[in-house]
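One structure below.
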């Protein structure tokens, strides 16, 4: 029997669907398939789309896909959508959206619904990017649903990250403040026919100027957060220095009405400019290292946790029983975690 | 020298600040302190507050704190806020908000900004809940900033989870759909003086009725997601069955204008009712087991990852170098993760 990986490499779309489902479900055998595919990855250009719910991400994604297809590029779309099952969001959404491109083999759309107690959203997203990449898709679009930290991580797996806002209420600006500003390579103010679009553009511009003044090196999360670590009980926070790096990218702010196909060409052009910038400055390699690091950490985190929980179960019983023992203070979670970690250190 | 833990148990608030900072920074020595504190945990009632940015979470939190203080309860507040450092969100926010309660030793407010490349937000939140609990706070309020999956996890560490929405644009309903509906014990439609408040209440009620019809057992994420795993290429999704459990909680929907202190008493009453429900039905123990499980998994995940990365560095070099090797296809991330996990299995 031919492996899923071999079938995927020969262009079998159903095999890709199957492997992506296994990846999403955390099926163990997927790892061998992914190892077979891995040498065939590294060519796709990855675009991340994120922003508040209601910003019109799926509409813009659909329009961008149409634009990319018109350029002759093959596209894979990942909708990272841990929507609750009873709304049927992910699955239903796939079906509806597949219909738009049902006759086009150059478009492959799948949703990821992963959200077990073990996390795994980032890992599954990373794996699925690898699959689409190995399938030979020229462009992979990763669209997130929420706007939390997981979603920001996921959006950062891209070469170019598009952050969407809509006019009104200042909500989106607040959402964007919550950690997402630094990861934006292109801003889109969607629904720009609504009142307040210009104000939203202005607010974004002001935030970018503020960022420019005190900018931390992009995508260096650890360093950034270490610098930011000054607690309320200990004087002012240490100064954040401007980077000493070379030419910097100024994220453009594009107004759009995606539902009427307005501004979509401009968004594509902005993405293309960013891609050229990454290539010219050698920053594409930097970005790809950051992505490889993030994908690997997500992979390692989940793999180690699974192994650790397996070992815990063999030694101490089921996780539910351990949790019960913790509540009753018959077990100390810190001691348990420490002892498992020690085994990894000594092993 | 007296340990931080001993000082915390004797009521030293500065020691608590210090330990919480260490926990947030992932300082290794914090683990021993947490082990000392752990036997003193388990008494605090934990309330989670989540919802879209701009929903007025911090305003409501402040009002709830005032209400709880009026009832004579001591309160600890955790603002889970991975806001970007250059906006100064977390630190500045602490300072501003501390001023409101600066003269009240019965209120202790701290922000968590943790967000390294390793994750750790859930782990740090769990640890800080333990610290506030060990300090003897009657109530711990955990307020999140975003509305992504991490935030939902964090909100679920509560006995009672309050989900906030505001009228307008349907954004919040969409945000709430994204996985947050099932974790809500109390809904608050804030800014209820705005147009559309009644419509938002109505939409929430409809969603709750839909949930009722096809409800999956609350908080059983794994099972829920397994059931929901039907991919677009494989027929309809398996049926989701109604739970066989006993009496169910109907999440009330409370209208409020927190900034004018309207509806805050009603929110407190709804939380109190939910607390009584948990006690009467024995579901408090269920909830506490779920929380212990979630906290422990977060702890184990981060602890194992740190050990695994340490081992990787000893054997293969720094993470950055490994990432570079992965990009160049000189290393296979799947094989690396597998070999580290195997050591944990064999150790």
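Residue numbers (this note's numbering), protein chains in the order written: chain L, 1478 to 1824; chain U, 1478 to 1824. We treat Cβ as the ideally placed atom computed from N, Cα and C, and that holds for glycine.
At the C-beta level, residue 1543 of chain U and residue 1615 of chain U stay beyond 8 Å of one another.
A straight line joining the alpha-carbon of residue 1676 of chain U with that of residue 1602 of chain U spans about 34 Å. At a beta-carbon threshold of 8 Å, the residues of chain L lying near residue 1519 of chain U are 1804 and 1806, ordered along the chain.
Only buried fits residue 1637 of chain L, as 16 or more other CB atoms lie within 10 angstroms of its CB. Interface residue (Cβ-Cβ distance to chain L less than 8 Å): residue 1756 of chain U is not classified as such.
Of the candidates L:1785, L:1743, L:1607 and L:1725, the residue whose Cα lies closest to the Cα of residue 1510 of chain L is L:1607. DSSP places residue 1620 of chain L in the strand class (E or B) of the three-state scheme. When the alpha-carbon of residue 1661 of chain L is set against those of L:1681, L:1609 and L:1545, the nearest one is in L:1681. The beta carbon of residue 1683 of chain U sits no closer than 8 Å to any beta carbon of chain L.
Here the alpha carbon of residue 1752 of chain L sits roughly 15 Å from the alpha carbon of residue 1664 of chain L.
Here the alpha carbons of residue 1684 of chain L and residue 1554 of chain U stand approximately 28 Å from one another. The residue from L:1792, L:1581, L:1818 and L:1770 with its alpha-carbon nearest to that of residue 1635 of chain L is L:1770. Counted as a single uninterrupted DSSP element, the alpha helix (DSSP H) harbouring residue 1754 of chain U occupies residues 1741–1758. Among the residues of chain U, those whose CB is under 8 Å from the CB of residue 1511 of chain L are 1811, following chain order.
When secondary structure is reduced to three states using DSSP, residue 1588 of chain U falls in the strand class. Per the coordinates, the alpha-carbon of residue 1812 of chain L lies some 56 Å from the alpha-carbon of residue 1742 of chain L. The DSSP-derived three-state label of residue 1549 of chain U is coil. Looking from the CA of residue 1777 of chain U, the closest CA among L:1776, L:1747, L:1818 and L:1536 belongs to L:1818.
Here residue 1628 of chain U is not near residue 1766 of chain L, since their CB atoms are 8 Å or more apart. Taking C-beta atoms as the reference points, residue 1730 of chain U and residue 1639 of chain U fail to come closer than 8 Å.
Each residue's CA atom was taken as its position, placing residue 1658 of chain L and residue 1810 of chain L some 36 Å apart. According to the DSSP assignment, residue 1657 of chain U belongs to no beta strand (DSSP E), since it is labelled neither H nor E. Residues of the same chain with a CB within less than 8 Å of the CB of residue 1582 of chain L, apart from the 5 flanking positions on each side, are 1490 in chain order. Taking the C-beta atoms as reference points, residue 1796 of chain L is found nearer than 8 Å to residue 1786 of chain L. Between residue 1541 of chain U and the set U:1759, U:1618 and U:1774, the nearest pair of CA atoms involves U:1618. Contact with chain U is found for residue 1508 of chain L, since one of that chain's Cβ atoms lies less than 8 Å from the residue's Cβ. Residue 1820 of chain U has a beta carbon lying within less than 8 Å of a beta carbon in chain L.
Contact annotation for residue 1785 of chain U against chain L: 1777, 1781 and 1821 [CB-CB distance below 7 Å, chain order]. For residue 1555 of chain L, there are no neighbours in chain U by C-beta distance under 7 Å, as the nearest C-beta there is about 13 Å away. When secondary structure is reduced to three states using DSSP, residue 1642 of chain L falls in the strand class.
The C-alpha of residue 1523 of chain U is placed about 18 Å away from the C-alpha of residue 1775 of chain U.
Counting along the chain, residue 1523 of chain L sits inside no alpha helix (DSSP H); it lies in the beta strand (DSSP E) bounded by residues 1522–1528. No Cβ-Cβ contact shorter than 8 Å links residue 1519 of chain L with residue 1630 of chain L. Contact annotation: in the region 1530–1548 of chain L, residues whose CB is within less than 7 Å of a CB in chain U are 1530 and 1531. Within the region 1726–1740 of chain L, no residue has its Cβ closer than 8 Å to any Cβ of chain U. Residue environment: residue 1760 of chain U is assigned as buried (16 or more neighbouring CB atoms within 10 Å of its CB, all protein chains considered).
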